[in-house]
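Okay, so here's the structure we're looking at.
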């Protein structure tokens, strides 16, 4: 066995899906086509990928505040907290 053959045999790794479908199949049931739809196979569809991208961008644009619990049980923004500027002002510098 040559070096190229040994590398080819050991370097090729066929990805296997251990889940046999989506982890959400208990909620939505199996696909009507009979094929297992996983998160990975769904993300290969342009429409699904675009929807996930739009949602992620929208959620990523929401303001994030750090709060401090007050003595009376309420909450207030902790503007002086060391993480406030990082999380609120510059989440993705």
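In this note's numbering, the protein residues as written are 48 to 140. A virtual CB, placed ideally from N, CA and C, is assigned to each residue, including glycine.
Look at the beta carbons and you see the segment 119 to 128 not touching the segment 97 to 105: under three pairs across the two are nearer than 8 angstroms. Within the same chain, and ignoring the five residues on either side of residue 116 in sequence, the residues whose Cβ sits closer than 7 angstroms to its Cβ are 122.
Boundaries for residue 113: no alpha helix (DSSP H) harbours it, and the DSSP string shows neither H nor E there. For the 8 angstroms CB-CB criterion, residue 111 and residue 134 form a contact.
DSSP places residue 86 within a helical segment (H, G or I) once states are collapsed to three. Within the same chain, 90 come within 6 angstroms of residue 96 by CB-CB distance, once the 5 residues on both sides are set aside.
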